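For reference, the structure discussed in these notes is given below.
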Amino acid sequence: MNTVESLPFSLGIRTNYKGYYYLVDALTLIMEDENRLLSIGTELFPAIALKYQTDVRCIERNIRTVIKVCWESTACQKLQSISPYPLESPPTVGEFLDILFWHLVREKGTKKQKKRASGVKI
Numbered sequence: 624m625n626t627v628e629s630l631p632f633s634l635g636i637r638t639n640y641k642g643y644y645y646l647v648d649a650l651t652l653i654m655e656d657e658n659r660l661l662s663i664g665t666e667l668f669p670a671i672a673l674k675y676q677t678d679v680r681c682i683e684r685n686i687r688t689v690i691k692v693c694w695e696s697t698a699c700q701k702l703q704s705i706s707p708y709p710l711e712s713p714p715t716v717g718e719f720l721d722i723l724f725w726h727l728v729r730e731k732g733t734k735k736q737k738k739r740a741s742g743v744k745i
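Using the numbering used here, you'd call the opening residue of the sequence shown number 624 and step up by one each time.
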């Protein structure tokens, strides 16, 4: 399981939710091109909807569901800890994707630094 797939698990989001798969795909696409964060409704969600042969509204609704699952679980503390700003209420879909994307970017940078420090060629 790669980092993109394991991050939702650490937030209490399991594979019994369609939103888990949509979230993983969204994060994967955003990791390929962070500009997709600027066009969630016009580029990102339509690409995922096409893959799963569903409607864009279903993608957003299912991601909102997993945000709620995360927010209402003890994993909310993990979300609070990785967020660069305090969260007073559940984040929007865009905010959630942004928080997780930047967490993955930081994690990726940390792993590269550790490899460099240990002399492993990247």
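Don't be surprised by glycine CBs; every beta carbon is placed ideally from N, CA and C.
Values in this document were obtained by computation on a predicted structure and should not be read as measured data.
Local Cβ density within 10 Å of residue i, reported as buried at 16 or more and exposed below that
i    : result
V689 : buried
R739 : Residue placement at R739 is flagged as unreliable, the pLDDT there being 47, under the threshold of 50; a coordinate-derived value is accordingly withheld.
Y708 : exposed
L673 : exposed
Rounded Cβ spacing between residue i and residue j (contact assumed at less than 8 Å)
i    : j    : result
L710 : A649 : Wrong, their Cβ atoms sit about 19 Å apart, outside the cutoff.
N685 : G642 : 4 Å
R659 : L667 : 5 Å
Segment limits, alpha helix (DSSP H) that includes residue i
i    : result
I653 : K641 to E655
Y675 : F668 to Y675
P631 : T626 to S633
S712 : Premise fails: S712 is in no alpha helix (DSSP H) and is neither H nor E.
9 Å Cβ cutoff met for residue i and residue j
i    : j    : result
I636 : L646 : yes
I783 : P714 : In the structure as shown, the chain starts at 624 and stops at 745, and residue 783 therefore has no counterpart that could be examined.
L760 : L727 : It is not possible to answer for residue 760, since the shown part of the chain is limited to 624 through 745.
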